[in-house]
Amino acid sequence: MTVHRVAVLALDGVTPLDLAIPTQIFNARPETPYEMTLCALDAKVATTAGFALVAGGGLEQVRVADTVIVPGFEPISRVPDAVLDALAEARDGRRRVVSICTGAFALAAAGVLDGLHATTHWKHIEELERDFPAVTVDRDVLYVDEGDVLTSAGVCCGIDLCLHIVRRDLGAVVANQIARGLVAAPHRDGGQAQYVPAPVAVAGEASLSTTRGWALQRLEEPLTLPVLARHAGLSQRTFIRRFTEETGTTPLRWLLNARISRARELLETTDHPVDRVARDCGLGTAANLRLHFRRALDTTPTAYRRTFWCSSHTPKPHPSP
């Protein structure tokens, strides 16, 4: 695989958890082409947790990287001109530029987000809108993918964004392998709400994770809303409310995303024709699978398989109908 250089740019006052996400996900692995370097303007970087980090790279590594990632930092009003110049140069060179949480403020200050949609931590949404009117701020999403420019909301949403990038680069199988290693959810759609109203179950209420796990083992079955609610032992109205509170999305949207993710894995790892993949992931027909692939991924199942087919698997995939 061609080496893909990832520069994680730690600004003074970097948030340690935001920094840990891309350094863990884009660390070198046999199954990925990533070569990750921790970069900073100065070798020693202060963190919001009171300890300092030592960066192995500087802005010169940022300028030659294929992907530049800026984790969250504080205070967000202070970004050195040399850093802004390096970020602008990366954008002008059509390299991929990414932010996690308040890292969006550095991208915005460098002009990288002008004319684009972006997001940040929900606490700082209004500040980003006020200070950078050229940016269209999406308030209620986990992350925004604008092609070569991607931004995420706070902290854990950075995991979703980084796994989304891996999925774009290398396919669902590799992304899910990394997610399992992190004990993280393999995929959360970027359009889900970043602020989940009730992230902790109310006393006396059980989590719906058991029902979600049960459904993931039966995606090929007709999992209707009444079926899911009955498994959870709840009325449909209560099930929808609780499900949305826990996940930030509706049961049917969650189910559709899970089925698309399963289809991606099947296309990467089997030679099954598209109509069988559609049945096995619960989307019914090849036409329905093509419709949802086009809407979600802007491609076709056959083109996706051609891009992400795992060459280590045999036999080769045969042409799909």
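Taking the UniProt record's numbering, the leading residue of the sequence shown gets 1, the next gets one more, and so forth. All C-beta atoms in this analysis are idealised placements derived from N, C-alpha and C, irrespective of residue type, glycine included.
Worksheet entry | Coarse secondary structure for PHE73, derived from DSSP in three states | Note: PHE73 maps to strand in three-state DSSP.
Among the residues of its own chain, which have a CB less than 6 Å from the CB of GLU31, if the five just before and after it don't count?
The answer, listed in chain order, is VAL174.
| message | Between GLY50, THR67, VAL14, which has its C-alpha nearest LEU41's C-alpha? | response | A check of alpha carbon separations from LEU41 across GLY50, THR67, VAL14 identifies VAL14 as the nearest.
Check your understanding: Using DSSP with H/G/I as helix, E/B as strand and the rest coil, what is PRO35?
Key -> A small fix is needed here, since residue 35 is Glu in this sequence, not Pro. If DSSP states are grouped into helix, strand and coil, GLU35 belongs with the strands.
**Prompt:** Where does SER235 land, buried or exposed, given buried means 16+ other C-beta within 10 angstroms?
**Reply:** Under this definition SER235 is an exposed residue.
Limits of the beta strand (DSSP E) - the one that SER99 falls within | 96–99 is the span of the beta strand (DSSP E), which, as asked, contains SER99.
Which whole-angstrom value describes the C-beta separation of GLY57 and ALA7, a residue pair presumed to lie in contact below a C-beta threshold of 8 Å? At roughly 7 Å, the Cβ-Cβ gap stays under 8 Å, so GLY57 and ALA7 are in contact.
Would LEU9 and ILE76 be called neighbours here (beta carbons separated by less than 9 Å)?
In this structure, LEU9 keeps its C-beta atom at 9 Å or more from the C-beta atom of ILE76.
Fully enclosed by the UniProt domain "HTH araC/xylS-type" (209–307), which alpha helix (DSSP H) runs are 4 residues long or longer? With a minimum length of 4 residues, the continuous alpha helix (DSSP H) runs that stay inside the UniProt domain "HTH araC/xylS-type" (209–307) are 209–216, 225–232, 236–247, 251–269, 274–281, 286–297.
Considering only DSSP beta bridges, list what THR120 is partnered with.
Per DSSP, THR120 has no beta bridge partner at all.
Got a sec, what are the start and stop residues for the alpha helix (DSSP H) ALA104 sits in?
-> Counted as a single uninterrupted DSSP element, the alpha helix (DSSP H) harbouring ALA104 occupies residues 103–109.
Hey, would you say LEU267 sits closer than 9 Å to PHE239, going by beta carbons? The Cβ-Cβ distance between LEU267 and PHE239 does not fall below 9 Å.
- request: Helix, strand or coil for THR48, going by three-state DSSP, please let me know.
  value: If DSSP states are grouped into helix, strand and coil, THR48 belongs with coil.
- prompt: Straight-line CA distance for PHE105 to LEU128?
  reply: When rounded, the separation of the alpha-carbon atoms in PHE105 and LEU128 is 7 Å.
Report all residues from its chain with a CB closer than 7 Å to the CB of GLY155; omit the five preceding and five following residues, and keep chain order.
For the sequence presented, residue 155 should be read as Val rather than Gly. Here the set comprises LEU17, ASP18, CYS101.
| request: From the DSSP output, in three-state form, read off LEU41 for me. | output: Correct three-state label for LEU41: coil.
**Item:** Cβ-based neighbour list, ARG306, same chain, cut-off 8 Å, excluding 5 preceding and 5 following
**Value:** Once the five neighbours on either side are set aside, ARG306 has no close Cβ partner at all.
Q | Cα-Cα separation between LEU291 and LEU297, rounded to whole angstroms | A | Cα to Cα, the separation comes out at about 10 Å.
| task | Measure the Cβ-Cβ separation of LEU11 and PHE51 and say whether it is below 9 Å. | result | In this structure, PHE51 does not lie closer than 9 Å to LEU11 by Cβ.
Problem set entry | Residues that DSSP places opposite LEU9 in a beta bridge | Answer is CYS39, bridged to LEU9.
**OP:** Compute the beta-carbon to beta-carbon distance between HIS121 and THR136, rounded to the nearest angstrom, for a pair I have assumed lies under 8 Å.
**Re:** Taking the Cβ atoms as the reference, HIS121 lies roughly 17 Å from THR136, outside the contact range of under 8 Å.
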